[in-house]
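Worksheet: the structure to be examined is printed underneath.
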Amino acid sequence: MFVFDTLTHRLKRGCETMGYPQAPAPALPDRHGGALRVDAAKCSDGCQQCVEVCPTGAITRPAGQPLALDLGKCIFCQACVEVCPPKAITQTNDHRMAVRNRGDLLLGAPGQEEVRLAAALDKKLLKLFGRSLRLRVVSAGGCGGCEADVNVLGTIGWDLSRFGINYVASPRHADGVLVTGCVSRNMSLALKKTYDAVPEPKLVIAVGACAINGGPFIGSPEVLNGASAVVPVDLYIPGCPPHPLTILDGLLRLLDRLEEGKR
Amino acid sequence: MSTPPLSSPPAAGAFTFLANGTSLPWADLPEFNAPDLVRATGAEIDRGARLCAWFGVPEGDATRLVAVLAFDADSTLAVARSTPVRGSYPALTVTHPQAHMFEREVWEQHHLNPEGHPWLKPVRASNTAGDAPAVGEFFRVNGPEIHEVAVGPVHAGVIEPGHFRFQCAGEEVLHLEIALGYQHRAVEDILPGGPHRATMHQMETVAGDTTIAHATAYANVLEALAGTEAPLRAQWVRAVALELERLANHTGDIGALAGDVAFLPTASACGKIRGDFLNLSALVCGNRFGRALVRPGGTRLDLEAERATRLLERLKVALGEVEAAAGWFWDAASVRARFENVGVVFGPQATEIGLVGVAARACGLVRDVRFDHPTGWYRFAQAPVAVWPGGDVYARARVRWLELQRSGQFLQEQLAAAPAGPVNEPLGPAAPDTFAVALVEGWRGEVCHVALTDARGAFRRYKIVDPSFHNWTGLALALRGQAISDFPICNKSFNLSYCGFDL
Numbered sequence: 099m100f101v102f103d104t105l106t107h108r109l110k111r112g113c114e115t116m117g118y119p120q121a122p123a124p125a126l127p128d129r130h131g132g133a134l135r136v137d138a139a140k141c142s143d144g145c146q147q148c149v150e151v152c153p154t155g156a157i158t159r160p161a162g163q164p165l166a167l168d169l170g171k172c173i174f175c176q177a178c179v180e181v182c183p184p185k186a187i188t189q190t191n192d193h194r195m196a197v198r199n200r201g202d203l204l205l206g207a208p209g210q211e212e213v214r215l216a217a218a219l220d221k222k223l224l225k226l227f228g229r230s231l232r233l234r235v236v237s238a239g240g241c242g243g244c245e246a247d248v249n250v251l252g253t254i255g256w257d258l259s260r261f262g263i264n265y266v267a268s269p270r271h272a273d274g275v276l277v278t279g280c281v282s283r284n285m286s287l288a289l290k291k292t293y294d295a296v297p298e299p300k301l302v303i304a305v306g307a308c309a310i311n312g313g314p315f316i317g318s319p320e321v322l323n324g325a326s327a328v329v330p331v332d333l334y335i336p337g338c339p340p341h342p343l344t345i346l347d348g349l350l351r352l353l354d355r356l357e358e359g360k361r
Numbered sequence: 020m021s022t023p024p025l026s027s028p029p030a031a032g033a034f035t036f037l038a039n040g041t042s043l044p045w046a047d048l049p050e051f052n053a054p055d056l057v058r059a060t061g062a063e064i065d066r067g068a069r070l071c072a073w074f075g076v077p078e079g080d081a082t083r084l085v086a087v088l089a090f091d092a093d094s095t096l097a098v099a100r101s102t103p104v105r106g107s108y109p110a111l112t113v114t115h116p117q118a119h120m121f122e123r124e125v126w127e128q129h130h131l132n133p134e135g136h137p138w139l140k141p142v143r144a145s146n147t148a149g150d151a152p153a154v155g156e157f158f159r160v161n162g163p164e165i166h167e168v169a170v171g172p173v174h175a176g177v178i179e180p181g182h183f184r185f186q187c188a189g190e191e192v193l194h195l196e197i198a199l200g201y202q203h204r205a206v207e208d209i210l211p212g213g214p215h216r217a218t219m220h221q222m223e224t225v226a227g228d229t230t231i232a233h234a235t236a237y238a239n240v241l242e243a244l245a246g247t248e249a250p251l252r253a254q255w256v257r258a259v260a261l262e263l264e265r266l267a268n269h270t271g272d273i274g275a276l277a278g279d280v281a282f283l284p285t286a287s288a289c290g291k292i293r294g295d296f297l298n299l300s301a302l303v304c305g306n307r308f309g310r311a312l313v314r315p316g317g318t319r320l321d322l323e324a325e326r327a328t329r330l331l332e333r334l335k336v337a338l339g340e341v342e343a344a345a346g347w348f349w350d351a352a353s354v355r356a357r358f359e360n361v362g363v364v365f366g367p368q369a370t371e372i373g374l375v376g377v378a379a380r381a382c383g384l385v386r387d388v389r390f391d392h393p394t395g396w397y398r399f400a401q402a403p404v405a406v407w408p409g410g411d412v413y414a415r416a417r418v419r420w421l422e423l424q425r426s427g428q429f430l431q432e433q434l435a436a437a438p439a440g441p442v443n444e445p446l447g448p449a450a451p452d453t454f455a456v457a458l459v460e461g462w463r464g465e466v467c468h469v470a471l472t473d474a475r476g477a478f479r480r481y482k483i484v485d486p487s488f489h490n491w492t493g494l495a496l497a498l499r500g501q502a503i504s505d506f507p508i509c510n511k512s513f514n515l516s517y518c519g520f521d522l
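Just so you know, the sequences run in chain order X and V.
Letter 7 of the first sequence, counting from 1, is numbered 105 in my numbering, and no numbers are missing.
Letter 23 of the second sequence, counting from 1, is numbered 42 in my numbering, and no numbers are missing.
Take a look at the structure:
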């Protein structure tokens with residue numbers, strides 16, 4: 099009985115995998131906000147409101163200098179956007195924000211109003227990883243949020259494996275490590291050992307505000323403020339947690355799998 | 020099924036009683052010397068109370084012990100404290116095992132030795148160069164046929180880190196010991212002196228899949244300290260968000276359980292439908308896990324009528340889909356055969372170790388904060404408590420399924436019954452030298468937050484008890500006499516939080 103039911107339902111549902119990246123990206127929720135944009139020139143004199151409300155110290159404005167926002171420390175609470183009267187900090191509703199260099203997440207300087215999106219790997223690495231990338235996921239002081247949204251990419255809706263990207267059980271089978279969490283002191287050894295067990299050449303992908311710079315727990319005595327304290331990071335994907343679309347965009351960008359000439 | 024007996028009112032001069040989500044002056048907590056507090060707490064547990072929290076408050080170079088008990092049948096919480104203690108005190112665990120993890124924690128945090136504790140070892144701290152939690156030695160079974168299996172902290176799959184040590188005779192597990200602490204972020208250590216600017220966000224990430232429950236408990240504590248209440252509409256929004264969180268996680272768990280017995284139709288469908296529920300949370304606040312929604316004094320965002328209508332429409336579709344997907348699963352004899360009589364925790368064991376939430380209700384215990392200690396919107400509307408006897412993997416899956424249906428129904432009713440008014444109010448300052456307790460029924464079970472303020476109204480001590488803190492012992496018991504190959508489904512059926520435990 100249930101076999102027929104299952105088959106009927108299965109046929110009725112059809113293909114559940116989204117068309118992206120060939121089709122347009124799925125819409126972000128209207129309250130999501132996406133990446134931030136900083137126009138420091140719009141700042142009013144001496145205004146420190148955004149600096150005062152930022153919970154992670156992502157925003158600084160030393161006397162006489164322009165506003166600087168570190169999207170790597172940002173947990174996207176939107177408090178700064180809400181308090182900024184001249185709209186120097188705004189939301190772009192853009193899901194794309196993965197970068198290759200930590201410095202590309204620093205916004206505010208002239209010409210650096212938005213993140214400079216990640217460039218693809220070099221030719222040699224693309225030849226190795228471009229069509230098949232296996233990742234060992236290490237949760238190191240994460241809250242489970244990033245882990246859940248990394249995991250969701252493997253479900254039928256996103257179907258990460260159609261890009262040749264898979265999560266694997268052993269670091270020996272992996273081409274890289276995907277790190278989530280602020281890297282607790284208690285996980286630093288396990289993270290290091292996992293990284294060491296991955297054969298060369300290898301990649302490290304830091305997913306979420308915690309893995310980039312400690313997130314909400316930045317400065318806590320038991321955390322190392324992100325993956326770069328233990329392993330060299332090749333791709334930073336901001337968010338708290340990043341939307342699955344943001345993570346997927348980062349991975350595809352790294353592997354040069356996006357047909358997108360702009361930016 | 021066993022309901023704790025109705026307790027008679029306590030003898031005068033014993034514990035002080037308060038309701039969930041309220042506060043009282045620190046000076047009003049009755050004081051016992053430590054051995055008397057242990058005895059009195061034990062006596063209350065014998066009369067049907069549950070230990071919600073047992074922790075230390077530093078006072079000079081000494082420590083006061085604090086007990087928070089719940090009388091579920093009376094909807095009251097009982098609290099008491101000890102006089103300052105140094106060195107050691109007689110362990111409560113000897114007579115009441117539900118205290119065992121709490122006493123290990125007190126020993127680790129305050130260096131108070133619970134004398135007679137049977138298995139005193141660190142809960143989460145590291146004593147080495149900071150490389151790994153100090154697990155000390157593991158309980159060992161010796162014999163020519165015995166072998167030991169060690170797994171973790173990094174597991175296969177996308178999950179959080181923990182270490183499991185099985186003592187096995189062939190396939191059979193004689194004993195499982197669980198060593199955690201890898202996710203330790205020192206949450207409780209950074210709270211004193213607060214609330215700080217990051218505190219709200221840290222509460223939301225104590226356990227990321229329980230964002231709404233922890234955020235609500237924290238907000239309730241601050242509101243109790245300020246002597247105010249969030250506007251009714253905010254309480255309604257919080258309840259909607261809390262139930263959405265429950266639906267998403269229960270759906271994910273049913274899918275994961277199906278996946279572990281290789282029943283792929285349900286596994287794949289539920290993986291997707293879980294995302295649909297998360298997207299409903301994102302519809303409410305922009306974030307799939309409910310971040311930046313709950314704020315002390317109310318909620319940051321409103322759930323306007325038009326948005327609520329959209330939410331209701333999409334909710335109905337998702338509920339229909341999960342109904343179908345779970346139907347395949349319950350219809351399959353092969354699935355039932357894998358779940359029944361596997362990983363059994365017996366009712367008396369569950370009572371003794373103080374299980375909470377889904378795991379407790381799957382042992383036939385009627386324990387649900389929404390019903391036993393209602394606060395917020397749950398004072399006006401309730402979903403029936405989902406209980407199933409048996410205590411096995413099947414029962415835990417079944418309770419999740421019942422809750423999915425009942426929370427789904429509850430949400431559909433409540434979304435059509437929004438109260439009018441604002442969603443937030445400015446919160447007054449926290450009262451000085453005050454003690455507040457808040458319980459919230461998260462999707463895993465009881466989330467308990469306790470705060471004590473200093474003379475300025477800043478946090479002097481903040482205690483968080485995630486349901487996982489009570490329930491990890493349940494998983495260890497469930498494995499006794501099981502085949503080690505059944506560990507994955509036992510583990511999934513509890514689906515406990517590592518970071519919520521490690522704090």
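All residues carry an ideal CB built from backbone N, CA and C; glycine is no exception.
If you're wondering where the values come from, they're calculated on a predicted model, not measured in any experiment.
Considering residue i, what are the terminal residues of the alpha helix (DSSP H) in which it resides?
| i | result |
| --- | --- |
| R184 (chain V) | Here R184 (chain V) belongs to no alpha helix (DSSP H); instead the beta strand (DSSP E) covers 182-188. |
| G274 (chain X) | Premise fails: G274 (chain X) lies in the beta strand (DSSP E), 274-278, not in any alpha helix (DSSP H). |
| I292 (chain V) | 283-304 |
| A220 (chain V) | The residue asked about is misnamed: residue 220 (chain V) is His in this sequence, not Ala. Here the alpha helix (DSSP H) through H220 (chain V) covers 218-223. |
| H119 (chain V) | 119-129 |
| V104 (chain V) | Per DSSP, V104 (chain V) belongs to no alpha helix (DSSP H) and is neither H nor E. |
Among residues of its own chain, excluding the 5 on either side of residue i, which ones have a beta-carbon nearer than 8 Å to its beta-carbon?
| i | result |
| --- | --- |
| L283 (chain V) | A277 |
| V266 (chain X) | R232, L233, R234, A272 |
| K88 (chain V) | Just to set this straight, residue 88 (chain V) is Leu in the shown sequence, not Lys. These residues qualify, in order along the chain: F34, T60, E63, I64, A68, R69, L70, C71, L96, A97, V98. |
| A31 (chain V) | At A31 (chain V), the pLDDT of 41 sits below 50, so the modelled position is not reliable; the number obtained from the coordinates is stated separately. There are no such residues. |
On the DSSP letters alone, give me the boundaries of the beta strand (DSSP E) that residue i sits inside.
| i | result |
| --- | --- |
| S142 (chain X) | That residue, S142 (chain X), is in no beta strand (DSSP E); it is neither H nor E in DSSP. |
| D168 (chain X) | 166-168 |
| N132 (chain V) | 132-134 |
| W407 (chain V) | First-last for W407 (chain V): undefined, no H or E at that position. |
| V240 (chain V) | That residue, V240 (chain V), is in no beta strand (DSSP E); its alpha helix (DSSP H) goes 230-245. |
| H468 (chain V) | 465-472 |
Cβ closer than 8 Å: which chain X residues qualify as neighbours of residue i?
| i | result |
| --- | --- |
| D272 (chain V) | Within chain X, no residue comes near D272 (chain V); the closest Cβ sits about 12 Å away, beyond 8 Å. |
| N298 (chain V) | P127 |
Once the 5 residues before and after residue i are set aside, which same chain residues still bring their CB inside 6 Å of it?
| i | result |
| --- | --- |
| F34 (chain V) | A97, A99 |
| Y293 (chain X) | V275, V329 |
| E122 (chain V) | A110, T112, P133, H136 |
| L331 (chain V) | L434 |
So with CB distances below 7 Å, who are the chain X contacts of residue i?
| i | result |
| --- | --- |
| Q221 (chain V) | P314, F315 |
| P211 (chain V) | Chain X residues near P211 (chain V): none, gap ~13 Å exceeds 7 Å. |
Run through chain V and tell me which residues come within less than 7 Å of residue i, C-beta to C-beta.
| i | result |
| --- | --- |
| D103 (chain X) | W347 |
Give me, in chain order, the residues of the same chain whose beta-carbon lies closer than 7 Å to that of residue i; leave out the 5 immediate sequence neighbours on both sides.
| i | result |
| --- | --- |
| A286 (chain V) | G274, A277, G278 |
| N268 (chain V) | D228, W462 |
| A416 (chain V) | I273, L276, F358, S512 |
| F157 (chain V) | R184, E196 |
| G348 (chain X) | A196, A216, L333, I335 |
Could you work out which residues of chain V lie near residue i, taking near to mean beta carbons separated by less than 8 Å?
| i | result |
| --- | --- |
| H130 (chain X) | A301, G305, N306 |
Interface residues of chain X around residue i at Cβ under 9 Å?
| i | result |
| --- | --- |
| L37 (chain V) | Per Cβ cutoff of 9 Å: no residues; L37 (chain V) is ~30 Å from chain X at best. |
Name the chain V residues that come within less than 9 Å of residue i, Cβ to Cβ?
| i | result |
| --- | --- |
| P153 (chain X) | H215, R216, A217, T218, M219, H220, Q221 |
| C280 (chain X) | R204 |
| P339 (chain X) | G227, N306, R307, F308, R310 |
Do the stretch 391-410 of chain V and the stretch 342-355 of chain V meet, that is, are 3 or more Cβ pairs less than 8 Å apart? Short answer: they don't touch.
Members of the stretch 346-363 of chain V that neighbour chain X once the beta carbon cut-off is set at 7 Å: Within the stretch 346-363 of chain V, contact with chain X at the beta-carbon level (separation under 7 Å) is assigned to W347, D350, A351.
Along the stretch 245-265 of chain X, what residues have a CB closer than 8 Å to any CB found in chain V? Going along the stretch 245-265 of chain X in chain order, one finds E245, A246, D247, V248, N249, V250, G252, T253, I254, G255, Y265 with a Cβ nearer than 8 Å to chain V.
Quick check: the stretch 225-237 of chain V against the stretch 452-462 of chain V, are there 3 or more CB pairs under 8 Å? Cβ pair count under 8 Å is three or more, so yes.
Name, going along the chain, the residues of the stretch 306-337 of chain X whose beta-carbon falls closer than 9 Å to a beta-carbon of chain V. Flagged, chain order: C308, G313, P314, F315, I316, G317, S318, P319, E320, V321.
The stretch 45-56 of chain V touching the stretch 77-93 of chain V, judged by at least three CB pairs closer than 8 Å: Yes, the stretch 45-56 of chain V touches the stretch 77-93 of chain V.
Short of 7 Å Cβ to Cβ, which residues in the stretch 475-501 of chain V face chain X? Within the stretch 475-501 of chain V, no residue has a Cβ that lies closer than 7 Å to any Cβ of chain X.
Note down, in chain order, all residues in the stretch 175-195 of chain V with a beta-carbon under 9 Å from any beta-carbon belonging to chain X. Residues A175, G176, V177, I178, E179, P180.
Select from the stretch 186-205 of chain X all residues with a C-beta closer than 9 Å to any C-beta belonging to chain V, and list them in chain order. Listed by position, the residues of the stretch 186-205 of chain X near chain V (Cβ gap below 9 Å) amount to none.
Could you list the residues in the stretch 372-390 of chain V with a C-beta less than 9 Å from some C-beta on chain X, going in chain order? Using a CB distance below 9 Å, no part of the stretch 372-390 of chain V faces chain X.
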